[in-house]
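K.L.:
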Amino acid sequence: DHTAHQEMILFGDLFQDSRSILEKDALLIVEGQISEDTFSGGLKVRCHRVWNLAQAQCHFIKQLTLNVNHKNAATVTEWLRQYIQTEEDNTSGIKVNMAYIHEQAAAKITLGKKICLKDIQPIKHLQELCGEDSVILAY
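In terms of our numbering, the sequence shown opens at residue 16 and continues consecutively.
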């Protein structure tokens, strides 16, 4: 609400790595250590990690589940082709599951460990195409 502020300290490599997201009035998510500032009498924060909102969502989302049925199967399939990536060492991507529901059967499919999503924006696009109930995010 712009009525309070908190000084945060970023050192060396973290500052260099975060420069692209450090903007005036930008929403940032910070992991760090809070301690007493003996000079000002307030608190200070030493940052260990910094994310913008999209980066934080990708970092903290554990998995994405897509609810697929006969009405949205083609849309979801095309979306997967367009946005899903394959990485040999998938340590930072969002894992993807599919829950297929049909009148006579249902199945839950976990896509391989190497298959992931690296950006939150395509999820919003899929929600617009198929409805919010078609996309479940687990943090």
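Virtual Cβ for every residue (Gly too), placed ideally from N, Cα, C.
It should be emphasised that the depicted structure is a prediction, and the values quoted were computed from it without experimental measurement.
In three-state terms, what does DSSP make of Y98?
P.N.:
Translated into positions along the sequence shown, residue 98 becomes position 83. Three-state DSSP puts Y98 in a helix.
K.L.:
I'd like the list of long-range same chain contacts for D52, defined as Cβ closer than 7 angstroms, with 5 residues on each side in sequence excluded.
P.N.:
Along the sequence shown, one-based indexing puts residue 52 at 37. Result list for D52: L58 and K59, in chain order.
K.L.:
If we ignore side chains and look at the alpha-carbon of each, how far apart do L1 and I49 end up?
P.N.:
Since the first residue of the chain shown is 16 and the last is 154, residue 1 is not available in this structure.
K.L.:
In whole angstroms, what is the alpha-carbon distance linking H85 and L68?
P.N.:
Start at 1 with the first residue of the sequence shown, and residue 85 comes out as number 70. Start at 1 with the first residue of the sequence shown, and residue 68 comes out as number 53. Those two C-alpha atoms are separated by around 33 angstroms.
K.L.:
What span of residues does the beta strand (DSSP E) with L81 cover, start to end?
P.N.:
The residue given as residue 81 occupies position 66 in the sequence shown. That run of the beta strand (DSSP E) goes Q78 to V83.
K.L.:
Would V83 and Y115 qualify as a contact pair, given that the criterion is a beta-carbon distance under 8 angstroms?
P.N.:
Stepping through the sequence shown from its first residue, residue 83 is reached at position 68. Stepping through the sequence shown from its first residue, residue 115 is reached at position 100. Yes.
K.L.:
Need the endpoints of the beta strand (DSSP E) that H63 sits in, please.
P.N.:
The sequence position of residue 63 within the sequence shown is 48, counting from 1. Note, H63: beta strand (DSSP E), L58 to N67.
K.L.:
N112 bridges to which residues according to DSSP?
P.N.:
Numbered from its first residue, the sequence shown carries residue 112 at position 97. Answer is T80 and T125.
K.L.:
Take Y154 and list the residues in its own chain whose beta-carbon comes closer than 8 angstroms to its own, dropping the five residues that flank it on each side.
P.N.:
Mapped onto the sequence shown, residue 154 falls at position 139. If we look at Y154 and ignore the five residues flanking it on each side, its Cβ neighbours are F75, I76 and K77.
K.L.:
Identify whether S50 lies in helix, strand or coil by the three-state DSSP scheme.
P.N.:
Locating residue 50 in the sequence shown gives position 35, where the first residue counts as 1. S50 falls in the strand class under three-state DSSP.
K.L.:
Report yes if the C-beta distance between L79 and L152 is below 8 angstroms; otherwise report no.
P.N.:
For the purposes of this step, residue 79 is taken as residue 64 along the sequence shown, with counting starting at 1. For the purposes of this step, residue 152 is taken as residue 137 along the sequence shown, with counting starting at 1. The answer is yes: Cβ separation under 8 angstroms.
K.L.:
Tell me which same chain residues have a C-beta within less than 8 angstroms of the C-beta of K139, skipping the five on either side of it?
P.N.:
What you label residue 139 is simply residue 124 of the sequence shown in a count that begins at 1. So no residue of the chain qualifies.
K.L.:
Specify the secondary structure class of A71 as computed by DSSP and reduced to three states.
P.N.:
By 1-based counting over the sequence shown, the position of residue 71 is 56. Three-state DSSP puts A71 in a helix.
K.L.:
Enumerate in chain order the residues of its own chain whose CB-to-CB distance from P137 is below 6 angstroms, with the five nearest sequence positions on each side excluded.
P.N.:
Walking along the sequence shown from the start, residue 137 turns up at place 122. Hits under 6 angstroms: Y98.
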